[in-house]
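Let me begin by presenting the structure, written as structure tokens, before commenting on it.
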Amino acid sequence: DLRGAKLRGANLTNADLRGAELSGADFSNAELSGAIFDKQSIGLPRLSGRS
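Quick note on the numbering used here: the sequence shown kicks off at 458 and runs consecutively.
Given below as structure tokens:
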């Protein structure tokens, strides 16, 4: 559970992110709330149990 974290080039699995500033992150099954994506290398975040 990360809050106010700056992640660069991070590989997140089953992470719960709130108010995180993410740069070049690779997300898998991440739950994102109020996240700011900068230069993301992902098309769409994979949200488990959501469409």
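Glycine included, every Cβ here is placed at the ideal spot set by N, Cα and C. Every value quoted in this text rests on a predicted model; they were computed, and no experiment measured them.
Between the Cα of residue i and those of the options, spot the shortest distance and give me the residue it belongs to.
i	options	result
ARG460	LEU489, SER490, ALA477	ALA477
SER490	ARG475, GLY481, SER480, LEU479	ARG475
LEU464	ALA492, PHE484, SER480, ALA487	SER480
Quick check on DSSP: helix, strand or coil for residue i?
i	result
ASN471	coil
SER508	Note that SER508 scores 43 on pLDDT, short of 50, meaning its location in the model is unreliable; the coordinates nonetheless yield the value given after this. In the structure shown, SER508 sits in coil (DSSP, three-state: anything other than H, G, I, E or B).
Are the CB atoms of residue i and residue j nearer to each other than 8 angstroms?
i	j	result
LEU469	ALA487	yes
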